[in-house]
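Chemist: Numbering (the UniProt record's numbering), first residue to last: 1 to 344.
Shown next as structure tokens:
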């Protein structure tokens, strides 16, 4: 028992560590704020360059005036008083312009920051006000409306198939493993070995969630994600049916437990991806439909599993075979009829 909990704690710790590797998505307001700050930095660089060019021009003008003065003193040339007054006036005008522009330049950055912050505060206040106006009845009404659409009804087939996978681990796996292990082991040993098999199920959930993301990123299509799940289902049900036919403890127990764990992790992750990508602004409502459909059909599956005799190899074989056919039909409905969006 202690070894089982150590293994499960290690798996849970690994899953929690992987969450820290995910980057936090930026909100639309934050992205706009960063873009405006980037534009502000570019403008400040341009302003600094202008200041440097003006300062260089002033230095050149001062050196020119100094050279002219020294030239006048050395050669003893008397310039016209009107020309000297005009030069002094031009120099004073240029200095006044620089003095007027220089103090105002540093004030542009805090002014723009204040404008950006005020715009973000107004946007957040408007968003919070709109969220407060949305009541529970309105959310439920929107969920039911989305549930009636053809696109969501097709996705419900995928959700039901995922619910079958979730229900098997607790409904039949554990009793079937105990019955097959009791033939050669004591009750305590059979309990420990069955826990080892189910810990393999938890490990498969982690790899399933990671693998489905790689498949979707590589092929850039949610349709290939469903096809990948179809391949996993065929392999998992194949090992499970073979184990129920043999009905003796062997290595197939670890194989079907691991693959069913991959199916569970892949389907749950993929449904969230589909709801977010395929439904856009209605992604939260689509996930609400998911959390409404899966518990209902999970309850139905548990009722059916309660009528199956886990001590009978024939009943288990028939039940798993029929379940595989149902899941195969549901996956084919999703593959053929769901209007997948193309990835850019």
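We put the CB at the ideal spot given by N, CA and C, even for glycine.
Classify residue 304: buried if its beta carbon has 16 or more other beta carbons within 10 angstroms, exposed otherwise.
Modeler: Exposed.
Chemist: Could you pull out every residue in the same chain whose Cβ sits closer than 7 Å to the Cβ of residue 323, ignoring the five residues on either side in sequence?
Modeler: If we look at residue 323 and ignore the five residues flanking it on each side, its Cβ neighbours are 164.
Chemist: Which same chain residues end up closer than 7 Å to residue 336 when comparing Cβ atoms and leaving out the 5 residues on each side of it in sequence?
Modeler: There are no such residues.
Chemist: Among 273, 295, 264, whose alpha-carbon lies nearest the alpha-carbon of residue 198?
Modeler: Considering only alpha carbons, the answer is 264.
Chemist: Exposed or buried, which one is residue 203 when buried takes at least 16 other CB atoms within 10 Å?
Modeler: Buried, by the Cβ-count rule.
Chemist: Whose C-alpha, out of 175, 271, 142, is nearest the C-alpha of residue 312?
Modeler: When only C-alpha atoms are compared, the closest one is 175.
Chemist: By Cβ distance, which residues of its chain are closer than 8 Å to residue 241, with the 5 residues on each side in sequence left out?
Modeler: Contacts found: 317, 320, 321, 324.
Chemist: Taking the straight line between their C-alpha atoms, what separation do you get for residue 6 and residue 13?
Modeler: Computed Cα separation, rounded: 10 Å.
Chemist: Pick helix, strand or coil for residue 152, following the three-state DSSP scheme.
Modeler: Looking at residue 152 - three-state DSSP - the assignment turns out to be helix.
Chemist: Around the C-beta of residue 332, are 16 or more other C-beta atoms found within 10 angstroms, so that it is buried, or is it exposed?
Modeler: With fewer than 16 other Cβ atoms within 10 Å, it is exposed.
Chemist: What is the DSSP secondary structure of residue 77, reduced to helix, strand or coil?
Modeler: Low confidence applies to residue 77: its pLDDT is 42, below 50, so where it sits in the model is not reliable, and the reading given next is rough at best. DSSP places residue 77 in coil when its eight states are reduced to three.
Chemist: In chain order, what residues of the same chain lie with their CB nearer than 8 Å to the CB of residue 330, ignoring the 5 residues before and after it?
Modeler: Counting only Cβ-Cβ distances below 8 Å, and skipping sequence neighbours, we find 157, 158, 160, 161.
Chemist: With 16 other CB atoms within 10 Å as the buried threshold, where does residue 274 fall?
Modeler: Result: buried.
Chemist: Measuring CB atoms only, is the segment 280-291 touching the segment 233-251, in the sense that at least three cross pairs come out at less than 8 Å?
Modeler: Short answer: they don't touch.
Chemist: Around the C-beta of residue 233, are 16 or more other C-beta atoms found within 10 angstroms, so that it is buried, or is it exposed?
Modeler: Buried, because 16 or more other Cβ atoms sit within 10 Å of the Cβ of residue 233.
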